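Novice:
Number of protein chains: 6
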Amino acid sequence: MLNKNVEVFMACEKEAHEADIVLFGAPFDSTTSYRPGTRFGSSAIRRESYGIECYSPYQDKDLEDTKVMDCGDLELCFGNTKKALAQIEEQAKEILDNSAIPFMLGGEHLVTLGAFRAVLEKYPDIHIIHFDAHADLREEYLGEQLSHASVIRRCWDLVGDGRIYQFGIRSGDREEFYWAKEHVTMRKFDFEGLEEVLEKLEGKPIYFTLDLDVLDPSVFPGTGTPEPGGVTFDALRKAAEKVCSRANVVACDVNELSPHYDPSGISTAAACKIVREMLLALSK
Amino acid sequence: MLNKNVEVFMACEKEAHEADIVLFGAPFDSTTSYRPGTRFGSSAIRRESYGIECYSPYQDKDLEDTKVMDCGDLELCFGNTKKALAQIEEQAKEILDNSAIPFMLGGEHLVTLGAFRAVLEKYPDIHIIHFDAHADLREEYLGEQLSHASVIRRCWDLVGDGRIYQFGIRSGDREEFYWAKEHVTMRKFDFEGLEEVLEKLEGKPIYFTLDLDVLDPSVFPGTGTPEPGGVTFDALRKAAEKVCSRANVVACDVNELSPHYDPSGISTAAACKIVREMLLALSK
Amino acid sequence: MLNKNVEVFMACEKEAHEADIVLFGAPFDSTTSYRPGTRFGSSAIRRESYGIECYSPYQDKDLEDTKVMDCGDLELCFGNTKKALAQIEEQAKEILDNSAIPFMLGGEHLVTLGAFRAVLEKYPDIHIIHFDAHADLREEYLGEQLSHASVIRRCWDLVGDGRIYQFGIRSGDREEFYWAKEHVTMRKFDFEGLEEVLEKLEGKPIYFTLDLDVLDPSVFPGTGTPEPGGVTFDALRKAAEKVCSRANVVACDVNELSPHYDPSGISTAAACKIVREMLLALSK
Amino acid sequence: MLNKNVEVFMACEKEAHEADIVLFGAPFDSTTSYRPGTRFGSSAIRRESYGIECYSPYQDKDLEDTKVMDCGDLELCFGNTKKALAQIEEQAKEILDNSAIPFMLGGEHLVTLGAFRAVLEKYPDIHIIHFDAHADLREEYLGEQLSHASVIRRCWDLVGDGRIYQFGIRSGDREEFYWAKEHVTMRKFDFEGLEEVLEKLEGKPIYFTLDLDVLDPSVFPGTGTPEPGGVTFDALRKAAEKVCSRANVVACDVNELSPHYDPSGISTAAACKIVREMLLALSK
Amino acid sequence: MLNKNVEVFMACEKEAHEADIVLFGAPFDSTTSYRPGTRFGSSAIRRESYGIECYSPYQDKDLEDTKVMDCGDLELCFGNTKKALAQIEEQAKEILDNSAIPFMLGGEHLVTLGAFRAVLEKYPDIHIIHFDAHADLREEYLGEQLSHASVIRRCWDLVGDGRIYQFGIRSGDREEFYWAKEHVTMRKFDFEGLEEVLEKLEGKPIYFTLDLDVLDPSVFPGTGTPEPGGVTFDALRKAAEKVCSRANVVACDVNELSPHYDPSGISTAAACKIVREMLLALSK
Amino acid sequence: MLNKNVEVFMACEKEAHEADIVLFGAPFDSTTSYRPGTRFGSSAIRRESYGIECYSPYQDKDLEDTKVMDCGDLELCFGNTKKALAQIEEQAKEILDNSAIPFMLGGEHLVTLGAFRAVLEKYPDIHIIHFDAHADLREEYLGEQLSHASVIRRCWDLVGDGRIYQFGIRSGDREEFYWAKEHVTMRKFDFEGLEEVLEKLEGKPIYFTLDLDVLDPSVFPGTGTPEPGGVTFDALRKAAEKVCSRANVVACDVNELSPHYDPSGISTAAACKIVREMLLALSK
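Quick note, the sequences are listed as chains L, U, H, S, P and Z, same order.
Residue 1 is where the first sequence starts when you use my numbering, and the numbers rise one by one after that.
Residue 1 is where the second sequence starts when you use my numbering, and the numbers rise one by one after that.
Residue 1 is where the third sequence starts when you use my numbering, and the numbers rise one by one after that.
Residue 1 is where the fourth sequence starts when you use my numbering, and the numbers rise one by one after that.
Residue 1 is where the fifth sequence starts when you use my numbering, and the numbers rise one by one after that.
Residue 1 is where the sixth sequence starts when you use my numbering, and the numbers rise one by one after that.
#1: Can you tell me whether DSSP reads C252 (chain L) as helix, strand or coil?
#2: Check this for me: beta carbons of T70 (chain L) and F9 (chain L), under 8 Å apart or not?
#3: Is there a Cβ from chain P that is less than 8 Å from the Cβ of P217 (chain U)?
#4: Look at the Cβ atom of I21 (chain S), then the Cβ atom of A115 (chain S), and state whether they are nearer than 8 Å.
#5: From the DSSP output, which residues share a beta bridge with L210 (chain H)?
#6: Do you know whose CA, among P:P124, P:K83 and P:L96, lies nearest L110 (chain P)'s CA?
#7: Assign S65 (chain U) to one of three DSSP states: helix, strand, or coil.
#8: Looking only at C-alpha atoms, which of L:L198, L:F103, L:F177 and L:E196 sits nearest to K188 (chain L)?
#9: Which residues of the region 16-27 of chain H have a Cβ closer than 7 Å to any Cβ of chain Z? Give them in chain order.
#10: Who are the Cβ neighbours of C56 (chain L) in its own chain at under 8 Å, not counting the five residues just before and after it?
#11: Using only the alpha-carbon positions, how far apart do E13 (chain Z) and V68 (chain Z) sit?
#12: Using only the alpha-carbon positions, how far apart do H127 (chain U) and Y207 (chain U) sit?
#13: Return yes when at least one heavy atom of the ligand ADP lies under 7 Å from the C-beta of D161 (chain Z), else no.
#14: Could you say which of P:V159, P:I164, P:A149 and P:L158 lies nearest to E175 (chain P) if we only look at CA atoms?
#15: Check for me: the beta strand (DSSP E) holding G114 (chain H) runs from which residue to which?
#16: Could you pull out every residue in the same chain whose Cβ sits closer than 6 Å to the Cβ of S258 (chain U), ignoring the five residues on either side in sequence?
#17: If I follow the unbroken alpha helix (DSSP H) through V151 (chain H), where does it start and stop?
#18: Exposed or buried, E227 (chain P), counting other C-beta atoms within 10 Å across all chains shown (16 or more means buried)?
#19: Indicate whether at least one CB of chain P lies closer than 8 Å to the CB of C2 (chain S).
#20: Label M186 (chain P) either buried or exposed according to how many other C-beta atoms from any shown protein chain fall within 10 Å of its C-beta, with 16 as the threshold for buried.
#21: Please go through the same chain and pick out, in chain order, the residues whose beta-carbon is closer than 7 Å to the beta-carbon of C77 (chain H), but skip the five residues on each side of it.
#22: Flag K83 (chain H) as yes if its beta-carbon sits less than 8 Å from any beta-carbon of chain L, otherwise no.
#23: Could you pull out every residue in the same chain whose Cβ sits closer than 8 Å to the Cβ of D173 (chain S), ignoring the five residues on either side in sequence?
#24: Checking the sheet assignment: what are the DSSP bridge partners for N98 (chain S)?
#25: Apart from the five residues just before and just after T112 (chain U), which ones in its own chain have a Cβ nearer than 6 Å to its Cβ?
#26: Helix, strand or coil for L282 (chain L) per DSSP?
#27: Considering just the uninterrupted stretch of the alpha helix (DSSP H) at A239 (chain S), what are its terminal residues?
#28: Would you mind reading off the limits of the alpha helix (DSSP H) that contains F177 (chain U)?
#29: Taking just the CA atoms, how far does R170 (chain Z) sit from D60 (chain S)?
#30: Name the residue from H:I129, H:E18, H:D73 and H:I88 whose alpha carbon lies nearest to the alpha carbon of V250 (chain H).
#31: Closer than 8 Å, CB to CB, is C77 (chain P) near chain Z or not?
#32: Name the two residues that bound the continuous beta strand (DSSP E) containing L169 (chain H).
#33: Given that I266 (chain H) touches chain P, what residues does it touch there, using C-beta distances under 8 Å?
#34: Alpha helix (DSSP H) containing L198 (chain P): first to last residue?
#35: A281 (chain U) touches chain H at which residues, Cβ-Cβ below 7 Å?
#36: Quick check on the DSSP output: the beta strand (DSSP E) that includes I21 (chain P) runs from which residue to which?
Listed below in structure tokens is the structure:
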């Protein structure tokens, strides 16, 4: 029988009513200040997922046993940030209404704000766990408040002090690092203290946002703003698995893959494997 | 409503029962002798088709008005040529049984043999129009009869003299050029004489096979075996449109795009535009 | 003596009070819908200009004899289109107030709108000569009116019918081509008729906007949306020289170079040479 | 005096009768399922070997003091797996008949099967030490038994349980990992336990097969199927030296370099250096 | 039988005493002022020659029937221009002493000077036919007389007025173009007048030096200094064949391929095909 | 106000009389024996510095608070090594005369010799701390004494035994390693013992020369001669900071970035971040 072509992240073939996790892409990069191209991230992850396996020897689990749907990429309006964020918010809301976990693939990091607004509405007590090379805590960037460089600050605007836990941060301007001391919990350079944070947040609804540039550029060269001195793949894999398996993650995202800057494809492979491990850890 | 991700060549969204042309990909390159990678051709064409428009100012026609289905790529077995050709033959047969024109996207040129066998079964009087840089008339290549370099010779095995018309040929070994004089009609270097051939073949069922390396490598660098001195994009566009609009094309293919060798993407864009022009010209 | 590093387009070393042409870069690409990266265009043109010569054997003229200043790239806000256009408008205004010709290097084509607004204020009788592969006449694109795909339509909003002359157009949706028949003068595919247009516009102030993707992608692969079937380098060189030497060009721009998509650098070289020829032809 | 061009791995200039190790290339990748291109591996290793030195500060030894011949690449038939494997087997047999150690440079991993068959004939008690990211233990892949993904399983078909020792494995489908528990000795993720295995196998003839993708993709991006989370260069260097200097290695291979996916050339450099260290350690 | 690896330009397998043409590479680029890398040109041409065929349908001739030896690349000292030129001169002399035609593959264009000095010694009445984008007639470049940008001027130093015929020149500084009017015969932009020059030079010994950047960068992007607006591949092929078949060419060179700047490989393919056509035309 | 374009390393905007550190580029690579291209290193570092931040969370310091001037790249003569070294020496001398620290950005490593000669004149008691993958201690290379592979040996010619301290060395020919035992202090592979050396050299004037290829190629692929098995980014960052903050560094250089070999840009980012950390540590 002849069927129209369906393309999904490997083994994520469930229909909406069966799914407890729903993947979707947010291909947006209009506020990227250095090198654009993360708009190609979500489709690259979907397409190249077939280069790795469904089975994880780390967790001894298989994607074939999970209930994940992949509804593809949103069609976002480049150059109009507000409209794009509204579209993302609506998509996340629909998935939450479907009683599933929204799992967003960026796009630049600003897309988190759209999904987070939908999640906050459903879970007013939401907390954020944030892995990143960059603090993303600027009040504004080049005169603009809606920027990839201020996305976590915008989330803070919505939830205030004590809700945000950052790990792996190794870049920002002086003000961000000083401001962070007062308003968020920031662990510089690595994941030390993650266990304690997870214990403390036990049971609380968590939005887990993962900027892949927390990885060292040697492992993940395909990103807009490579920042030398990052964590290893195994360090991230373990930390991400820990968050997804132990915390009450109600929504998450993986962003900042810019595949055109990496002709070898190792960045996309790293992204695919992290997504696989997160999907498996989220599937209880 | 949440739906699984569907990815098709732009505007080719028909279901099987509505379609009079059916696109499918044959991502195979195991016999490629120089640089492999055409396996990525069909998916690149599908994905990058969104970089051009549905409307053709050359023909003043729009893909929105056509009846084309895209059923995606076959999953072919690399390293087992016979099995792969059998899978392709079966797919072409199913489309023909559906009363539609099979429009195959390669893959290396050998894939033509699979589709051609299905077409020959339905149209014993089939003729071939072949655009290519290479003659593809070798009796064998490195001891192997099933090779991209001998695909037209294998078609000739099935239909004999007087059925094959070649255009644009500018490369081959001495034997191929000498053998061609006896058994096929070969136009070297360009498309001169195409009009006369189309007149002569009027009404006959035609298999149109287009190896994109007939184009000059400046226009189409992303191919396995670039051969300098080819035709311009406009020359190919006009010739391909002519074949598709005037001849009784009952099946066709476009092959030999190897997108990884062209980081600029102009080769994929050229392939997409030729496919669009052919689809429009075939849609009467 | 130790001096701070100055980097300008080759031989464009004049100070503001000496210059009759002023180059500036508008590194903006936030509305680009397909592949971003034109933000790197203007700096690449400046940097790589040293790969060609100051002297033109076509015009027998030398940049050493011209009066051009290069004041570098604007620092534009990505993701906020209105703000970016306002900054560009202000810069063009300042150059016009300095009695010089603003020569803007893009960036995506939307930057034209900012400069054009400044020019229109000074020259209410301004006419536009537009070279491009794409019509850029959409009323909106993905729900957005300020888009690279609608920039000429936005200019038309400001000046109305009879002021816009397009050449080389080979892509657009059906509506653009039909709308164009009523409102602008569009020459498809090439520069035929340019002489007549120049005669007709003699003495009128002209804004000359050149989207480099009017070139064939083989000559100019480094662009966001390569459109096969374009004009040759020599055809463009001659046409651009003709406009700049014969018409009363009061402002101009050259845009849509996206250098990262062309590792060979031939696109940047083509852009540099066109800019050189335009500067020489404008210097009377 | 004018001599024909000879190109060998640096300092491997011995004639057949002088050599105790013979290098040869097996440029084959027809069964590669993800990204082909390892056919270019062996010639890249040969050519780029001149970028590193003959002397190893790790072992304080110099290739100038070894007895190695390099007889270049086989001319293999793409698309006919059985024929290619037979050619490889014959070449390995000839080297063994010459009382030298065959040192094969792939190509994809399936080439191991050809060489292994020749070695098994001479050394019925042969054991395999296998470094790899992938288990390569599938019974079949896409319906095909002769596949890069099942090469070690095919070797097992010939020797049975207790002869195969795997290290560094971090990818495979569930069945492979479960099957491995019964039939081979598999160390996941790293080289722990290698010392014990070498002790246990003391004196036994060893076929050492090294799939370079056991390395982390950051170190070795130029491969068909990059699998994040691999070993460091120094870990591999030490382990490979250990095997070659302590075990009774009677044949070996190094495979899966796909140089076109790594424009920086660091993958080829890594391959060259590993080959140098192995040659030095094998030369007692 | 096991033999050391030999790598030659396809079908150029003759020994010294049989050859009437001898290929050699001069991998030198130390004076290159813009982008280095032509040092990789000659080995790329040799290696990639297997991507095209031995047979030319243009000339109906086959390399199998010629008597060509390939003695590989010289090992030149980077950074010491004089020493490198002396090595080249010696190699050319040895070939001439062997009664064969030296056919040098560059490297940057300065290598011509070394070979030309050897040829001039044997043929005091030598004339030069020079195809190039650049005039190469500077008295000095950045204070240096031995530069790729002054190589033809250095040849003129040795032979004086009336011996040098240039074609295709489209770049240089003003002084070069003015100086040329007095001292050499320069045809700008194309090959017009080549017939007349060949008639005039009938019987005279000719050194034919071909800088491949005379080609348009679309056809030949892989070069140090791409200069837009060049000739087509067919124009060059015809002109080069004409020179080699009609003139008394006693030595020649083909230079300025810089393969790393062209990941698609079309530049190397163009170089290979031009070399093939020249070898065939030289073989009478 | 319209100003000419100024391009400096981020935040290094001081004038000559204010500066206590002066950056300059030495874009020279003529003696590079493997892959040229370091000539593009210094300008890439300057341009891409804007991809990282002025503030260092490692040192809690900001470039905004330092006194650094950037006077751009020297215009060096390619192919004439002696002349180029003399130009570099002169520039370093001028900076020293200005009572500032010369901070040179290469270029290949040989540029160190030029700057070192100027420094030695002012500080006869100068000592060298040298980080590198390669020993650079050859007496000559391909018959040439002025080579990147012998630069430290040439420095030794000027200062003799006991003045040179090398770290991280993992490549060289046998003679270099044996010679080193007699004449310099060489630490192989890593930075162990750096503390002791710094203590011993306390108060002595230090020339700190940093060849970035001491980094592992995974972190720094963009270099002429990638040598697998290097140090991590953090290891280098800490060691370089230690030298700059504790030793009496009177001049320094950072060299061997070859950006074209790394399309991802991670090598340039690593270079920028090391330069930032060094500038901050030097600014007391």
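Note that beta-carbon positions come from the ideal geometry of N, C-alpha and C, so glycine has one too.
Treat the numbers as computed from the prediction; the structure is a model and nothing was measured.
Specialist: So, to answer that:
#1: strand
#2: First, the amino acid is wrong: residue 70 (chain L) is Asp here, not Thr. Cβ atoms of D70 (chain L) and F9 (chain L): closer than 8 Å.
#3: Interface annotation, P217 (chain U): in contact with chain P, CB-CB separation under 8 Å.
#4: For I21 (chain S) and A115 (chain S), no; Cβs fall outside 8 Å.
#5: H:F131 and H:V254
#6: P:K83
#7: First, the residue type needs correcting, since residue 65 (chain U) is Asp and not Ser in the sequence shown. Looking at D65 (chain U) - three-state DSSP - the assignment turns out to be helix.
#8: L:F177
#9: A16 and V22
#10: Reading off the sequence shown, one finds Ser at residue 56 (chain L), where the question assumed Cys. Cβ neighbours of S56 (chain L) beyond the five flanking positions: D62, R276, E277 and L280.
#11: Each residue's alpha carbon lies about 7 Å from the other.
#12: Going from the Cα of H127 (chain U) to the Cα of Y207 (chain U) covers about 6 Å.
#13: By its list of ligands, the structure shown contains no ligand whatsoever, and the ligand ADP lies outside what it can speak to.
#14: P:A149
#15: That residue, G114 (chain H), is in no beta strand (DSSP E); its alpha helix (DSSP H) goes V111 to K122.
#16: G37, T38, G222, T223 and G224
#17: V151 to V159
#18: buried
#19: It is Leu, not Cys, that sits at residue 2 (chain S) in the sequence shown. Closer than 8 Å to some Cβ of chain P, the Cβ of L2 (chain S) qualifies, so yes.
#20: buried
#21: K83 and A84
#22: By the rule that beta-carbons nearer than 8 Å mark a contact, K83 (chain H) touches chain L.
#23: R138
#24: Answer by DSSP bridge pairing: none, since N98 (chain S) is not bridged.
#25: Correct list, in chain order: V151, T209 and D253.
#26: Assigned with DSSP and collapsed to three states, L282 (chain L) falls in helix.
#27: In the DSSP assignment, A239 (chain S) falls within the alpha helix (DSSP H) that extends over F233 to R246.
#28: R174 to H183
#29: 11 Å
#30: The residue with the shortest Cα to Cα distance from V250 (chain H) is H:I129.
#31: yes
#32: The residue asked about is misnamed: residue 169 (chain H) is Ile in this sequence, not Leu. Element bounds for I169 (chain H): I164 to I169.
#33: When 8 Å is used as the limit between beta carbons, I266 (chain H) is near these residues of chain P: P217, S218, P221, P226 and P228, in chain order.
#34: L194 to K200
#35: Going along chain H, no residue has its Cβ under 7 Å from A281 (chain U), so there is no contact; the nearest lies around 15 Å.
#36: I21 to A26
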